[in-house]
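The sequence shown begins at 339 in the working numbering and counts up by one. C-beta: ideal position from N, C-alpha, C; glycine also. Structure, as structure tokens:
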Amino acid sequence: MNAAIRTVVRSALHYGMEPWAISRGYHGLINGDMEPIKSRDMSGIIQRGGTILKSARSDQFRTPEGQAKAAAMLDEKGIDSLVVIGGDGSFKGALHLEKLGINVICIPATIDNDIACTDYSIGFDTAVNNVIDSVNKIRDTASSHDRVYVVEVMGRDSGYIALYSGLAGGADVILIPEVPYDVEEVCKQIEWANGQGKTYNIVMVAEGVKSVSGKSPEESPSMEIGHYIQEKTGYDTRITILGHIQRGGAPTVRDRLLASRLAYQAIELINQGKSGKMLGEVDQVVKAFDLSYALAQEKQLNLDYYHLSKILASI
339 MNAAIRTVVR
349 SALHYGMEPW
359 AISRGYHGLI
369 NGDMEPIKSR
379 DMSGIIQRGG
389 TILKSARSDQ
399 FRTPEGQAKA
409 AAMLDEKGID
419 SLVVIGGDGS
429 FKGALHLEKL
439 GINVICIPAT
449 IDNDIACTDY
459 SIGFDTAVNN
469 VIDSVNKIRD
479 TASSHDRVYV
489 VEVMGRDSGY
499 IALYSGLAGG
509 ADVILIPEVP
519 YDVEEVCKQI
529 EWANGQGKTY
539 NIVMVAEGVK
549 SVSGKSPEES
559 PSMEIGHYIQ
569 EKTGYDTRIT
579 ILGHIQRGGA
589 PTVRDRLLAS
599 RLAYQAIELI
609 NQGKSGKMLG
619 EVDQVVKAFD
629 LSYALAQEKQ
639 LNLDYYHLSK
649 ILASI
């Protein structure tokens with residue numbers, strides 16, 4: 339996000355605008371936690387993970403009264419346009435503000451990569467590379483001890499992280515929310531691979547997976563699946579839940595470039611007097627979509643990658 343913030347500020351200054359920074363999202367907006375920001379304030383942040391503006395949830399903003407208070411605060415400060423960097427929830431909030439007369443432009447930033455109208459969201463590439471870095475280390479110990487490792491990654495409703503990191507990391511099995519799993523088939527795949535001479539296995543699991551029965555695991559899916567694998571196959575099985583390590587670290591080149599391109603275009607749109615837009619990169623071209631349209635779409639995971647992973651694991 340910091341690369342996007344940096345570009346928003348410096349692009350705004352380029353056009354003679356006065357940028358303000360709002361800390362802690364809508365919570366900070368309602369409470370007036372904002373101040374003018376200068377170009378020098380952006381020095382040395384492009385390589386930092388997270389966001390210098392910090393993030394927070396706001397139950398108050400979910401109410402019409404809270405939304406009206408946020409809009410009034412912008413009017414009080416003389417702020418006529420708002421750039422919102424975030425995911426689905428942030429965009430829905432922006433849509434409420436636009437209906438109250440606030441000019442809004444949205445930039446997708448979520449590691450889940452589940453925002454429609456853009457091939458990738460800011461943060462996804464960094465998260466996947468964080469997972470790959472961890473999987474490379476897990477593979478070292480898995481191969482040394484002849485173990486099965488079940489690795490759980492984020493993705494409550496979207497399997498992008500699990501699928502991309504599983505395919506790039508050479509996982510034997512990839513389980514994603516979009517495709518219900520059969521734990522018996524998982525065990526068969528592991529036994530088949532070991533029958534071909536493999537001595538260790540990586541099973542990549544998204545946190546939101548569901549079994550073919552339609553049920554979600556009662557505990558962490560990786561724990562339930564890992565325990566079943568060990569009981570069924572007898573193979574020494576270990577579970578690793580990567581958790582919030584996926585959200586941190588220096589952003590990749592790809593994320594920095596994407597953030598910079600989208601953020602610059604956000605200021606271009608404001609300079610043109612446009613509002614109610616979400617920016618996305620589609621086939622390497624930055625495009626603007628009506629925010630209401632983008633929110634109404636459901637992003638579809640490219641299952642060609644999933645089928646490819648199954649082919650590669652079956653040879």
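- In this structure, the straight-line span from the alpha carbon of L438 to that of Y498 is close to 34 Å.
- By the CB criterion at 8 Å, Y566 and V486 fall outside the cutoff.
- In this structure, DSSP gives D628 an extended state, which the three-state scheme calls strand.
- Contact between E619 and D457 is confirmed by a C-beta separation of about 6 Å, below the 8 Å threshold.
- In terms of Cβ geometry, D371 and S361 form a close pair [threshold 8 Å].
- The C-beta distance from L633 to L351 rounds to 30 Å, too long to meet the 8 Å contact threshold.
- With a 10 Å radius around the Cβ and a threshold of 16 neighbouring Cβ atoms, L646 comes out exposed.
- Distance from the CA atom of R592 to the CA atom of N468, rounded to whole angstroms, is 13 Å.
- Rounded to the nearest whole angstrom, the CA to CA distance from M492 to A406 is 34 Å.
- Taking C-beta atoms as the reference points, S377 and R348 count as a pair closer than 8 Å.
- The beta-carbon distance between A465 and Q584, rounded to whole angstroms, is 5 Å. This is short enough to meet the 8 Å contact definition.
- Distance from the CA of L435 to the CA of K615, rounded to the nearest whole angstrom, comes to 13 Å.
- Judged by DSSP in its simplified three-state form, M372 adopts strand.
- In terms of Cβ geometry, Y643 and L505 form a close pair [threshold 8 Å].
- Burial state of T448 is buried, judged by a 10 Å Cβ sphere holding 16 or more other Cβ atoms.
- Beyond the five residues adjoining it in sequence on each side, T590 comes within less than 6 Å, by CB distance, of D463, T464 and N467 in the same chain, given in chain order.
- For D484 against Y538, the beta-carbon gap comes to about 6 Å, under 8 Å, which counts as contact.
- Checking the DSSP bridge columns, you'll see N640 has no partner listed.
- Taking the C-beta atoms as reference points, E490 is found nearer than 8 Å to E545.
- In the displayed model, E556 falls within coil according to three-state DSSP, outside both helix and strand.
- By a beta-carbon distance limit of 8 Å, S496 contacts L639. Their separation comes to about 7 Å.
- Judged by DSSP in its simplified three-state form, A394 adopts coil rather than helix or strand.
- Put simply, the backbone Cα of I440 is about 14 Å away from that of L607.
- For the set S598, S558, Q534 and D418, the Cα lying nearest the Cα of I579 is the one of S558.
- Excluding its 5 nearest sequence neighbours in each direction, V524 has C-beta neighbours in its own chain below 6 Å: V511, listed in chain order.
- Going by beta carbons, T389 and I443 fall outside the 8 Å limit.
- Burial is judged here by how many other beta carbons sit within 10 angstroms of a residue's own beta carbon; I423 has at least 16 and is buried.
- Nearest to C455 by C-alpha distance, out of Y631, L641 and I653, is Y631.
- Inter-residue distance for I540 and L617 is about 36 Å (C-alpha atoms, whole angstroms).
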